[in-house]
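Student: Questions regarding the structure given below will be posed in turn.
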Amino acid sequence: MSPTTYIEHFPSISRSQDSAELLVALLRELAKGRPVSRTTLAGILNWPDERIAAVLAQTASTEYDDDGNIIGHGLTLRETAHSFEIDGRRLYAWCALDTLMFPALLGCTARVSSRCAATGAPVSLTVSPNEIRAVEPADVAVSLVPPQETNDVRRSFCCHVHFFASTHVAQDWASKRPGLTIIGVREAFCVGQELNRQLLHPPHRATP
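Residue numbers (the numbering used here): 2 to 209.
Pasting the structure below:
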């Protein structure tokens with residue numbers, strides 16, 4: 002599976018200009034380690050409140066605190082299986098692919114710690130905007146599923162995208178779960194980079 006082929010199957014809603022702009026702004030605020038208000042987002046993006054609300058309504062996965070502030074949108078303040086450490090702050094990600102994508106969107110290097118979804122063995126790597134390194138174990142793999150047109154990306158996609166200690170372990174695990182694809186972590190990083198490129202530089206559509 003090439004990165005471009007995989008990205009072409011992502012729902013168009015995930016690549017809309019508004020959702021991409023909001024995602025990047027929200028990630029950068031969440032990376033500071035505190036909840037983000039809609040008012041803060043509106044100020045950063047110079048959007049009216051109604052536009053913020055409309056874009057947020059496109060995903061049912063966004064996490065909120067009791068005051069209505071955003072605490073999770075791909076990157077989250079709530080603990081998950083995927084630890085994402087930047088600038089001394091420990092955050093978390095919804096899925097393995099998120100940890101490979103977000104350093105480029107944030108412009109920083111992250112130390113990622115997770116566990117093999119099949120064996121529980123620790124998995125760790127360092128992810129910069131341009132490369133991954135210090136991968137342990139060396140043969141780390143990632144599971145992917147075909148993207149679906151849904152407003153709950155966490156349930157339909159993220160919950161199936163895991164790290165594995167080796168390709169062999171991952172393939173054995175996936176053999177009992179139809180619909181999964183297993184790729185090496187470096188190929189998964191390329192998928193994430195291509196998705197970032199599509200988000201930040203969507204193709205221009207011809208005007209009739």
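For each residue, glycine too, the CB sits at the ideal point set by N, CA and C.
Nothing here was measured: the structure is a model prediction, and the numbers come from that model.
(1) In this structure, how does DSSP classify Thr100 when only helix, strand and coil are distinguished?
(2) DSSP beta-bridge partners for Ala94?
(3) If I'm right that Val141 touches Phe164 with Cβ under 8 Å, what's the distance once you round it to whole angstroms?
(4) With DSSP as the reference, identify every bridge partner of Val113, one or two as the case may be.
(5) Taking DSSP as the reference, what is the three-state secondary structure of Phe165?
(6) Under a Cβ-count criterion, where at least 16 other Cβ atoms within 10 Å of its own Cβ denotes burial, should His83 be classed as buried or exposed?
(7) Assign Glu51 to one of two classes, buried (16 or more other C-beta atoms within 10 Å of its C-beta) or exposed (fewer than that).
(8) Can you say whether Arg178 is buried or exposed, counting buried as having 16 or more other CB atoms within 10 angstroms of its CB?
(9) DSSP state of Ala105, grouped into three classes?
(10) In angstroms, rounded to a whole number, what distance separates the CA positions of Ala31 and Gly89?
(11) Any idea what DSSP makes of Ser15, helix, strand or coil?
(12) Starting from the C-beta of Leu106, find all residues in its chain whose C-beta is less than 7 Å away, skip the five residues before and the five after it, and write them out in chain order.
(13) Going by DSSP, what residue range makes up the beta strand (DSSP E) through Arg134?
(14) Output the boundary residues of the alpha helix (DSSP H) element that contains Leu216.
(15) In three-state DSSP terms, what is Ala207?
(16) Please state whether the Cβ-Cβ distance between Ala166 and Cys117 is less than 8 Å.
(17) Should Gly73 be labelled buried (16 or more other beta-carbon atoms within 10 Å of its own) or exposed?
(18) Decide if Arg134 is buried, meaning its Cβ has at least 16 other Cβ atoms within 10 Å, or exposed.
Tutor: Judging by the given coordinates:
(1) Here DSSP, grouped into helix, strand and coil, assigns Thr100 to helix.
(2) Per DSSP, the beta-bridge partners of Ala94 are Leu76 and His83.
(3) Contact holds; Cβ gap of about 6 Å.
(4) Per DSSP, Phe85 and Leu126.
(5) Three-state DSSP puts Phe165 in a strand.
(6) So His83 ends up on the buried side.
(7) Note on Glu51: under 16 other CB atoms within 10 angstroms of its CB, so exposed under the neighbour-count rule.
(8) Result: exposed.
(9) The answer is helix: DSSP assigns Ala105 an H, G or I state.
(10) Contrary to the premise, residue 31 reads as Leu rather than Ala in this sequence. C-alpha separation (whole angstroms): 14 Å.
(11) Reliability fails at Ser15, whose pLDDT of 49 lies under 50, so the model's placement of it is uncertain and the value that follows must be treated cautiously. Ser15 carries a helical assignment under DSSP once its states are collapsed to helix, strand and coil.
(12) Once the five neighbours on either side are set aside, the close Cβ partners of Leu106 are Val25, Leu28 and Asn197.
(13) Note, Arg134: beta strand (DSSP E), Ile133 to Glu137.
(14) Residue 216 cannot be examined here, being either before or after the span of the chain that is shown, 2 to 209.
(15) Annotation note: pLDDT 40 at Ala207 (below 50); position unreliable, coordinate value reported separately. Reduced to three states, the DSSP call for Ala207 is coil.
(16) At the C-beta level, Ala166 and Cys117 come within 8 Å of one another.
(17) Around the CB of Gly73, 16 or more other CB atoms lie within 10 Å, so the residue is classed as buried.
(18) Flag for Arg134 reads exposed.
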